[in-house]
Every structure is written in structure tokens, then in C-alpha cells.
Amino acid sequence: MDRFKQVETFVAVATKGSLTAAAQLEGVAPAVIGRRIDALEARLAVRLMHRTTRKLTLTPEGQAFLEDCQRVLAELHGAEAAVSAGSAQAKGHLRLTAPAGFGRRHVAPLVASFLAQHPELRISLNLADRVIDLVHEGYDCAVRVGDLPDSSLIHQRLADNRRLVVAAPAYLRRAGTPQHPRELLQHECLMLSSESSQTRGWAFLVDGQAHFHRQGGRLDCSDGQVLHEWCLTGLGLAWRSHWEVASDLQAGRLVSVLDAFAAPPNGIYAVTSERSLQPLRVRLWVEHLRKHYAKAEYWMRTGG
Numbered sequence: 000m001d002r003f004k005q006v007e008t009f010v011a012v013a014t015k016g017s018l019t020a021a022a023q024l025e026g027v028a029p030a031v032i033g034r035r036i037d038a039l040e041a042r043l044a045v046r047l048m049h050r051t052t053r054k055l056t057l058t059p060e061g062q063a064f065l066e067d068c069q070r071v072l073a074e075l076h077g078a079e080a081a082v083s084a085g086s087a088q089a090k091g092h093l094r095l096t097a098p099a100g101f102g103r104r105h106v107a108p109l110v111a112s113f114l115a116q117h118p119e120l121r122i123s124l125n126l127a128d129r130v131i132d133l134v135h136e137g138y139d140c141a142v143r144v145g146d147l148p149d150s151s152l153i154h155q156r157l158a159d160n161r162r163l164v165v166a167a168p169a170y171l172r173r174a175g176t177p178q179h180p181r182e183l184l185q186h187e188c189l190m191l192s193s194e195s196s197q198t199r200g201w202a203f204l205v206d207g208q209a210h211f212h213r214q215g216g217r218l219d220c221s222d223g224q225v226l227h228e229w230c231l232t233g234l235g236l237a238w239r240s241h242w243e244v245a246s247d248l249q250a251g252r253l254v255s256v257l258d259a260f261a262a263p264p265n266g267i268y269a270v271t272s273e274r275s276l277q278p279l280r281v282r283l284w285v286e287h288l289r290k291h292y293a294k295a296e297y298w299m300r301t302g303g
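Take the sequence shown: its letters are residues 0 to 303, numbered as in numbering that gives the first Met the number 0.
Rendered as C-alpha cells:
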């Protein structure tokens, strides 16, 4: 039996939640799907899922295997799309979403060149800071920045997202420069209230371990652009992505602090629904983003 087909079937069953749903997707009998899963588990000598007549649940080993399989399948389909991108033409309606700030700088500017390559395509781009439900709201692909929640959706890492603490020189002259993350409680820290991860604190690497440190401060805002302007005017420290503040750092309008404690970067991702259902236009769009984001000169040119 084809090993690759076993893996594809396992991913379909795990994401769809049942043998019947996976069988309907492929147009075969559920018994065929069941035999493939049995063969896969026998080959690996491990139980991947618990199956009853009413419920299907992944074992811990199955969950870990699912994540690896999704990544491998995404890379394989991405490679296929990259090879065929020169001749393949995308058609139809491509519905995209991205965070407002990142989308304005690093998604919207790439739409024009993609549309020029695929003139029979129609594109809708929704820039919103809320997390949009791709399946229920009918979107093909989302660009998301930061740590991703557990999901059956496919996520492909396109680039690193480095975060740093910045402030205007005027603020540092007035309030001093923090030397350790614990000193943030004595500073005016500007909080992005729409980002749930910041409620835990700002992430730092201290003695080789990741820690979240609480901040002091009297200002928070749900709009990242407003928070950025507050930081430029000297109202406090802000924890921002490098792509947001790179040009201000280069011009001296902002200064980074606590660089010795910077946490490892999180990611910039393309998020899509199940791989087996993806039309060509989605795969080509993801490769279009990957091609640009993989180039160091792209980020230098765009101030990120």
C-alpha cells in the first residue's frame, strides 16, 4: 500500500474528525479509509487514534504525528506549486485576510504583482486585527503574526518575527534606560490591549529560560498604530515587532533596549484550510509570499 496515501488519509481523518467524512471527501467507502489507518498504525507499531462508532480521538502520539505530517504535506505541495508557478494560471476568487498593520505593509503591496501574473484572478483582502475563522467566514488564506493556537488548520512559517522593546530618546532621557526586564514595573509601558499574549507580560530570555515579565504603565490601546505614535512622542516603552519599528530605529527616532534579554522570534505564517481542498490559486499565493519573505533584501527595502 502507498505509504504517502496512508499519511494523506490519516491527515484527512484527523482533520475531518471521522472515517466517513474522509471517505466522502475521496469518494471511497469508509472501510477503505479504515484499512489504510490500520495499515499505517501497523507499519509504525503505534496507536495513532482511538476509534469508536461515535467518536474519534487522537492519541498523544497521533497528535504529534499529525503536526509533522501537516508540515511535510505543506512543504511538498509548496514545492510542487513553486515548480509549476511559471506556467500555471490561477483563476477564480481569492479571499485573503491579514492583520491590519502587517497587511498594509507586507501583504497589500504584494497583491499587484500576483494579480499581474494571474490576470484571470479576482482578489479580496480583508485587513483586520481580529482572528477570522477561515472556514466559517469563507476565507482562503490568512497571514498571521505571532504564536498560533492549536488548530486543525494548516500553517506554514514564512519568516521569523523578532520582537524588541523600544522607546523614544526623549523618554529614556527622562525616565532612564531599563537594564533588566524586572525594571519594567517602574516604567511607563504602552500595552497593546487587543493582543491577548501581552496580558501575560512581555517575553524575555533570562538565564537561558523564557519568562514573561509584567509591566507598569497607565496607557493601553487596541490600535497598534496609535500605540506606535505614542511611543514616538515619548510616552513610554513599547514591545513591538521589528518590521514595525525598523525604519524608526534606523532614523534614530526610536532606540531598542533590553536587547541582551530578547526572546527567540515567533513566526509569520500563512494559514489555510485542509491541504487536500486547496485550489491552485491558494497554493500559488502562499508561494508568492514565501518567495518575497525569504529574501533578506525584501525586509531591508521595506524597512522590516
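No residue lacks a Cβ here, since even glycine has one placed at the ideal position from N, Cα and C. Because the structure is a prediction, the values reported are computed rather than measured.
What is the rounded straight-line gap between the Cα of residue i and the Cα of residue j?
{"i": "ASP159", "j": "VAL256", "result": "20 Å"}
{"i": "ALA89", "j": "ALA141", "result": "18 Å"}
{"i": "THR51", "j": "GLN277", "result": "29 Å"}
{"i": "ALA22", "j": "VAL110", "result": "36 Å"}
{"i": "TYR292", "j": "VAL225", "result": "26 Å"}
{"i": "ILE153", "j": "THR58", "result": "19 Å"}
{"i": "GLU286", "j": "ASP222", "result": "30 Å"}
{"i": "HIS117", "j": "VAL281", "result": "12 Å"}
{"i": "MET307", "j": "LYS15", "result": "Shown here, the chain extends from 0 to 303; a query on residue 307 therefore has no answer."}
{"i": "LEU279", "j": "VAL130", "result": "24 Å"}
{"i": "ASP128", "j": "ALA97", "result": "8 Å"}
What does DSSP give as the partner residue(s) for residue i in the beta ladder?
{"i": "TYR268", "result": "ARG143 and ARG156"}
{"i": "LEU204", "result": "ALA209"}
{"i": "THR96", "result": "ASN125 and ALA141"}
{"i": "VAL254", "result": "ALA166"}
{"i": "GLY91", "result": "LEU120"}
{"i": "ASP219", "result": "MET190"}
Got a sec? Which residues, its chain only, sit under 7 Å from residue i by beta carbon, not counting five neighbours each side?
{"i": "PHE260", "result": "PRO180, PHE203, LEU204 and VAL205"}
{"i": "LEU18", "result": "VAL12, PRO29, ILE32 and GLY33"}
{"i": "PHE64", "result": "LEU47"}
{"i": "PHE113", "result": "TRP284 and HIS287"}
{"i": "GLY100", "result": "GLY223, GLN224 and GLU243"}
{"i": "LYS69", "result": "Inspection of the sequence shows that residue 69 is occupied by Gln rather than by Lys. Closer than 7 Å at the Cβ level, and outside the excluded window around GLN69, lie VAL10 and ILE153."}
Mind checking which residues open and close the alpha helix (DSSP H) that includes residue i?
{"i": "ILE122", "result": "Where ILE122 is concerned, there is no enclosing alpha helix (DSSP H), although the beta strand (DSSP E) it sits in stretches over 120-126."}
{"i": "ARG172", "result": "168-174"}
{"i": "ALA237", "result": "Taken as a continuous stretch (DSSP letters only), ALA237 belongs to no alpha helix (DSSP H), being part of the beta strand (DSSP E) at 236-240."}
{"i": "LEU133", "result": "133-136"}
{"i": "ARG282", "result": "279-292"}
Taking the continuous beta strand (DSSP E) assigned at residue i, which residues delimit it?
{"i": "ALA21", "result": "Looking at the DSSP string, ALA21 is not in any beta strand (DSSP E); the run it does join, the alpha helix (DSSP H), is 18-25."}
{"i": "THR14", "result": "No beta strand (DSSP E) holds THR14; the alpha helix (DSSP H) holding it covers 2-15."}
{"i": "LEU109", "result": "Taken as a continuous stretch (DSSP letters only), LEU109 belongs to no beta strand (DSSP E), being part of the alpha helix (DSSP H) at 107-116."}
{"i": "ARG50", "result": "48-50"}
I'd like the list of long-range same chain contacts for residue i, defined as Cβ closer than 6 Å, with 5 residues on each side in sequence excluded.
{"i": "LEU157", "result": "ILE267, ALA269, LEU288, ARG289 and TYR292"}
{"i": "TRP229", "result": "LEU189"}
Measure from the C-beta of residue i to each C-beta in chain C and report whether the shortest distance is under 8 Å.
{"i": "GLY216", "result": "Reference to chain C is not applicable here, since this structure consists of a single protein chain."}
Checklist entry - At a cut of 8 Å, does the segment 242-252 reach the segment 122-130 through at least three beta carbon pairs? => result As far as the Cβ criterion goes, the segment 242-252 does not touch the segment 122-130, which means the pair count is below three.
Checklist entry - Between the segment 160-167 and the segment 227-237, are three or more C-beta pairs nearer than 8 Å? => result Cβ pair count under 8 Å is three or more, so yes.
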